[in-house]
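Worksheet: the structure to be examined is printed underneath.
Numbering (the numbering used here), first residue to last: 14 to 673.
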């Protein structure tokens, strides 16, 4: 059996079965011994549905974000599923797919090892046609303790990343969420964090679909290439690509090219033009026009075509102007002031949310006048329905790759090979989304190296300057690439050249006019405050609404830099005192309710005033992204919106300030 990295497009998409139920879970002591031995029968706990470890224990009422923290990286975790299935029919293959395994995983099917995975961002597919039984199949997955691997001595990094709990995380392709105690909840994702499924494929399999849309003037150009692998008794008669928008139905036949590629497979390809195409715009500048795309495949002797939905596409051009130190994005030739926030997973325990909830959250950003969301390198890659919502609502996406702050081992061949697979998969999944505005190598790696005092040659890395740049140019040639979120000046944190994380107004406690005097060009993150939420969120905190700002339960959820002698409550208090000439400490004990009210007003006033400076006609600033859109848990977090989706006061201030 051969493991293939990356999702494949199958004609019979309706024949995919999600393996969501009838799983069991079992913890075990961290164990380096090989081979690993599954736990005894009595130790297994039935799960209501497949989910990561923390989510499973939350569902079973054995753990909660409000209870004592638990280190999920310290144990081995086992998952088991028994299932029955019909054997593969003639001319059919059965594929077992794993869309995301966090982080160090070993998989067996019927006591035979299927795969080993060490990258939570890589999907796997395995042909199990010959390995399945009619009854009593056993799928077993062991997620090894990450702490055991972190304890192994490895080459030291050239600089430290203070926000990171364990510096050797740089060797492992996993998310920092849950592993950064200063600002994310202690719920490190371990286990299957994306779907596991079985799919029957036949009579034909379509792999490595290339499908692009571009625009020249008012003409849309669609290109499609389909390498195909038909089974011996199945012949493709024709393939058509169909685009629809409203009453428009445009159908184009692809041309067969026999045995033209390197592995001797046939492929179909074609390119055609649409005159006076409707352009896709960010919602602040026009209509985000979309076309529905599908393949219609006719097999010899078949009564009906097979239909494969390719989702929706849009036609737009994106250009990045960095001349003279500027950083300005133009859509369809029109310069756009990019304003928005950094996106966070809507559930910090599962790192997932369904399509309806995701759409509603993106709509909240749109309603506030935002036109860009940034997925930072401290997070996870989002699912298809996030990008679909951004396409539909006209929301631009700044996409970091999942690298942040650390000195990554670019001289390690296995690490770089895993990264290349990861990046190709992610680019393939989002290459046709018109919302994709910019691809960024990392979050603050250059800045962290510079601020730690590493040598100037260490600030830049061939991973971000060469490898990722090349892959992006190859897979998504129409989308600009930028090496790091803070990049472009003599120093990465220089505000008046390129991009930066701007905290002059904010953590650096500078007066409000610094927003103007800094000559900022583009803030990839900014205006981080401990934004006080409404009473409904405060009631969900440990201790409830009576918990005061100085209480440990409050402070546990106030964002901070690890090791710092201050937190972002202190930053908010600084500006409260400046705006209202009131002593925050006295207010806390004399009139706590008034203190909370003034705190809410403070961050709203500061954000509104700052954006007004950046959007004034003479300003060189062409974009600013607030950190965060939404809190990860109940408390005074960085979010403009609380963890349950309720807007805070600062959201309403920005809603007035960010309109076109």
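We treat Cβ as the ideally placed atom computed from N, Cα and C, and that holds for glycine.
In terms of DSSP beta bridges, what is residue i paired with?
i: residue 312; result: 249
i: residue 281; result: 239 and 269
i: residue 225; result: 236
i: residue 539; result: 515 and 639
i: residue 1; result: Coverage of the chain is limited to positions 14 through 673, which leaves residue 1 absent and any answer about it impossible.
i: residue 263; result: 256
i: residue 385; result: 353 and 409
i: residue 125; result: 122
i: residue 91; result: 39 and 155
i: residue 495; result: 453
i: residue 293; result: 301
Grouping DSSP H, G and I as helix and E and B as strand, with all else coil, what is residue i?
i: residue 86; result: helix
i: residue 434; result: helix
i: residue 591; result: helix
i: residue 426; result: helix
i: residue 602; result: helix
i: residue 665; result: helix
i: residue 168; result: coil
i: residue 321; result: strand
i: residue 66; result: helix
i: residue 566; result: helix
i: residue 597; result: helix
i: residue 659; result: coil
i: residue 485; result: helix
i: residue 366; result: coil
i: residue 72; result: helix
i: residue 651; result: coil
i: residue 619; result: helix
i: residue 347; result: strand
i: residue 205; result: strand
By a C-beta neighbour count over all protein chains shown, 10 Å radius and 16 as the cutoff for buried, is residue i buried or exposed?
i: residue 468; result: exposed
i: residue 588; result: buried
i: residue 562; result: buried
i: residue 198; result: buried
i: residue 435; result: buried
i: residue 663; result: buried
i: residue 656; result: buried
i: residue 371; result: buried
i: residue 50; result: exposed
i: residue 291; result: buried
i: residue 295; result: buried
i: residue 340; result: buried
i: residue 521; result: exposed
i: residue 3; result: Absent from the structure is residue 3, since the part of the chain shown begins at 14 and ends at 673.
i: residue 439; result: buried
i: residue 268; result: exposed
i: residue 56; result: exposed
For residue i, which residues from the same chain have a beta carbon less than 6 Å from its beta carbon, with the 5 sequence-adjacent residues on both sides left out?
i: residue 74; result: none
i: residue 393; result: 188 and 364
i: residue 580; result: 571 and 573
i: residue 462; result: 172, 471 and 472
i: residue 275; result: Unreliable placement is indicated for residue 275, whose pLDDT of 46 sits below 50; the coordinate value is still reported in the next sentence. Excluding residues within five positions, none has a Cβ falling inside 6 Å.
i: residue 69; result: 38 and 60
Quick one: what's got a C-beta closer than 8 Å to residue i's C-beta in the same chain, skipping five residues either side?
i: residue 192; result: 86, 177, 178, 179, 182 and 201
i: residue 671; result: 352, 381, 382, 383 and 624
i: residue 633; result: 339, 509, 532, 533 and 534
i: residue 99; result: 147
i: residue 447; result: 226, 293, 301, 303, 326, 327, 328, 329 and 404
i: residue 1; result: Since the first residue shown for the chain is 14 and the last is 673, residue 1 is missing from the structure and cannot be characterised.
Closer than 8 Å, CB to CB, is residue i near chain D or not?
i: residue 441; result: Looking for chain D here will not work: only one protein chain is present.
Residue i: beta carbon under 7 Å from a heavy atom of the ligand NAP?
i: residue 466; result: With respect to small molecules bound, the structure shown includes none, and the ligand NAP cannot be examined in it.
Leaving out the 5 sequence neighbours to the left and right, which residues in its chain are closer than 7 Å to residue i when beta-carbon positions are compared?
i: residue 173; result: 180 and 465
i: residue 313; result: 248 and 250
i: residue 307; result: 255, 320, 321, 322 and 323
i: residue 593; result: 611
i: residue 265; result: 253, 254, 283 and 285
At least three beta-carbon pairs within less than 8 Å, the region 527 to 545 to the region 610 to 625: yes
The region 437 to 455 contacting the region 401 to 417, beta-carbon criterion three pairs below 8 Å: yes
Stretch pair the region 231 to 240 + the region 329 to 347: three plus CB contacts closer than 8 Å: no
Any 3 or more C-beta pairs closer than 8 Å across the region 665 to 673 and the region 568 to 588: Judged by Cβ distances under 8 Å, the region 665 to 673 makes no contact with the region 568 to 588, as fewer than three pairs qualify.
Validate contact between the region 636 to 647 and the region 350 to 360 using beta carbons, cut 8 Å, 3 pairs: yes
Cβ contact (3+ pairs, closer than 8 Å) linking the region 151 to 170 and the region 398 to 409: no
Validate contact between the region 107 to 116 and the region 415 to 425 using beta carbons, cut 8 Å, 3 pairs: no
Cβ contact check for the region 60 to 77 and the region 117 to 134: 3 or more pairs under 8 Å: In short, these stretches do not touch, since the Cβ pair count stays below three.
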